[in-house]
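Peer 1: Per the numbering used here, the sequence shown starts with residue 46, numbered consecutively.
The C-beta atom is built at its ideal place from N, Cα and C for all residues, glycine as well.
Just so you know, these numbers come straight off a predicted model, no measurement behind them.
Structure incoming, see below.
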Amino acid sequence: MGKVYIVPEAMRYEAAFLAQQRAANLCATDGNPRLFILEHPHVVTIGRDAKPEDRKMSDAQLETRGIDVFDLRKSHYNRGGSFTYHGPGMMMGYTITLANDGEVRRRHIEMLEHATISVMLANGINVFGNYNSKHPGVLVSATKEKIAAIGVGFPKVRGVRVSMHGVAVYVNPQLEYFDMIHACGDKDARVTSMEKKIKEVPPMDVIMKQFLEAYSKVTGITFSREQVTPTLEEAVQ
């Protein structure tokens, strides 16, 4: 049995990251998966593979535009990849599971991809995945534009490997914010959104529910929905 925390309002990245860390420590102890589904205010995060040439603006320039900057390289709980942008209109799915074996870790990324593909197909968008590439994610079949990105980490926690971070689904974000960086360090990447591909995008809470159902189906995990108050970190059990 897993636990899912669906956050109805945009949550700052730092708060969600602290909740992930708590969940990772609990998962390492009890073996039970946790899933967080939420949105963030504008933020650029920096992964362990980031290079100076992957960005177009300094931290100061980003912050003057009201965009948070969070450097994951300073944490044991970091992720692969380079600079990423998250913001309103993007559904984040953070998955915390045991992942000791290399094959389990590969399958974990593949299942994130499959769940995201299911959401796209349910909304009439034909896509394909590239989980085994340098820049894993989900791309629109006709145009090769990225409509979801996957970035994970498998830190050692209490002697075992645990998955953290996850998938960003581009529902209806303001795409011009991606111009601040080379998304995920991919200078050739072109991004799009569900809003650009279908006439009417379901509300975010519907997309969140679709993702939960798809991820539960592909993993075989039954999730119970948990409270997210008073704070997400305190709510995680």
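What's the C-alpha gap between alanine 280 and isoleucine 141?
Peer 2: Mapped onto the sequence shown, residue 280 falls at position 235. Mapped onto the sequence shown, residue 141 falls at position 96. About 15 Å.
Peer 1: Alpha helix (DSSP H) containing arginine 79: first to last residue?
Peer 2: Taking the first residue of the sequence shown as position 1, residue 79 is located at position 34. Premise fails: arginine 79 lies in the beta strand (DSSP E), 79-83, not in any alpha helix (DSSP H).
Peer 1: What are the boundary residues of the beta strand (DSSP E) that lysine 96 is part of?
Peer 2: To locate residue 96, count along the sequence shown from 1; it is residue 51. Taken as a continuous stretch (DSSP letters only), lysine 96 belongs to no beta strand (DSSP E), as it is neither H nor E.
Peer 1: Take cysteine 72 and list the residues in its own chain whose beta-carbon comes closer than 7 Å to its own, dropping the five residues that flank it on each side.
Peer 2: Here residue 72 is taken as the residue at index 27 of the sequence shown, counted from 1. Excluding positions up to five away in sequence, the list reads Pro78, Arg79, Ile141, Thr142, Leu143, Val207.
Peer 1: By alpha-carbon positions, which one of Ala105, Pro218, Lys241, Tyr176 ends up nearest to methionine 249?
Peer 2: For the purposes of this step, residue 249 is identified with residue 204 of the sequence shown, where counting begins at 1. The residue with the shortest Cα to Cα distance from methionine 249 is Pro218.
Peer 1: For the alpha helix (DSSP H) containing valine 149, list its first residue and its last residue.
Peer 2: As a working note, residue 149 is residue 104 in the sequence shown. Note, valine 149: alpha helix (DSSP H), 147-167.
Peer 1: Using the beta-carbon count (16 or more within 10 Å), is phenylalanine 173 buried or exposed?
Peer 2: Taking the sequence shown and counting its residues from 1, the one referred to as residue 173 is at position 128. Per the 10 Å Cβ criterion, exposed.
Peer 1: Do you know offhand how far serine 238's Cα is from leucine 220's?
Peer 2: Locating residue 238 in the sequence shown gives position 193, where the first residue counts as 1. Locating residue 220 in the sequence shown gives position 175, where the first residue counts as 1. One C-alpha to the other measures close to 8 Å.
Peer 1: Measuring only the C-alpha atoms, how far is glycine 76 from leucine 166?
Peer 2: Taking the first residue of the sequence shown as 1, we reach residue 76 at position 31. Taking the first residue of the sequence shown as 1, we reach residue 166 at position 121. The alpha-carbon atoms of glycine 76 and leucine 166 are separated by roughly 32 Å.
Peer 1: Are tyrosine 122 and glycine 211 touching if we call contact CB-CB under 8 Å?
Peer 2: Against the sequence shown, residue 122 aligns to sequence position 77. Against the sequence shown, residue 211 aligns to sequence position 166. Taking 8 Å as the Cβ cut-off, tyrosine 122 and glycine 211 do not qualify as a contacting pair.
Peer 1: Can you tell me whether DSSP reads serine 269 as helix, strand or coil?
Peer 2: Here residue 269 refers to the residue found at position 224 when the sequence shown is read from its first residue. Here serine 269 sits in strand by DSSP.
Peer 1: Look at the alpha carbon of glycine 132 and the alpha carbon of phenylalanine 223, and state the distance between them as a whole number of angstroms.
Peer 2: What you label residue 132 is simply residue 87 of the sequence shown in a count that begins at 1. What you label residue 223 is simply residue 178 of the sequence shown in a count that begins at 1. If you take the alpha carbons of glycine 132 and phenylalanine 223, they lie about 10 Å apart.
Peer 1: Looking at aspartate 99 and histidine 227, is the spacing between their C-beta atoms short of 8 Å?
Peer 2: As a position in the sequence shown, residue 227 is number 182, starting the count at 1. As a position in the sequence shown, residue 99 is number 54, starting the count at 1. Contact flag set, yes.
Peer 1: Please list the terminal residues of the continuous alpha helix (DSSP H) segment that includes methionine 137.
Peer 2: Residue mapping note: residue 137 aligns to position 92 of the sequence shown, counting from 1. Counting along the chain, methionine 137 falls outside any alpha helix (DSSP H), though it belongs to the beta strand (DSSP E) covering 135-141.
Peer 1: Can you give me the Cβ contacts of phenylalanine 115 inside the same chain, cut-off strictly under 8 Å, excluding the 5 residues immediately before and after it?
Peer 2: As a first step, residue 115 must be located in the sequence shown, where it is residue number 70. Within the same chain, phenylalanine 115 has close Cβ partners Tyr58, Glu59, Phe62, Val88, Val89, Thr90, Ile91.
Peer 1: Please go through the same chain and pick out, in chain order, the residues whose beta-carbon is closer than 8 Å to the beta-carbon of threonine 188, but skip the five residues on each side of it.
Peer 2: Indexing the sequence shown from 1 puts residue 188 at position 143. If we look at threonine 188 and ignore the five residues flanking it on each side, its Cβ neighbours are Arg235, Thr237.
Peer 1: Between the Cα of serine 163 and those of Lys96, Arg270, Tyr260, spot the shortest distance and give me the residue it belongs to.
Peer 2: Here residue 163 refers to the residue found at position 118 when the sequence shown is read from its first residue. The shortest C-alpha separation from serine 163 is found at Tyr260.
Peer 1: Let's test the definition: count the other Cβ atoms within 10 Å of the Cβ of glutamate 84 and tell me whether it reaches 16, buried, or not, exposed.
Peer 2: Residue numbering aside, residue 84 sits at position 39 when the sequence shown is read from its first letter. It counts as buried.
Peer 1: In this structure, how does DSSP classify alanine 144 when only helix, strand and coil are distinguished?
Peer 2: The residue labelled residue 144 in the question sits at position 99 within the sequence shown. DSSP places alanine 144 in coil when its eight states are reduced to three.
Peer 1: How long is the line joining the alpha carbons of valine 205 and glutamate 245, rounded to whole angstroms?
Peer 2: In the sequence shown, residue 205 corresponds to position 160, counting from 1. In the sequence shown, residue 245 corresponds to position 200, counting from 1. If I take the Cα positions, the gap works out to 44 Å.
Peer 1: Could you give the DSSP three-state label for alanine 187: helix, strand or coil?
Peer 2: The count along the sequence shown starts at 1 and reaches residue 187 at position 142. Looking at alanine 187 - three-state DSSP - the assignment turns out to be coil, as it is neither helix nor strand.
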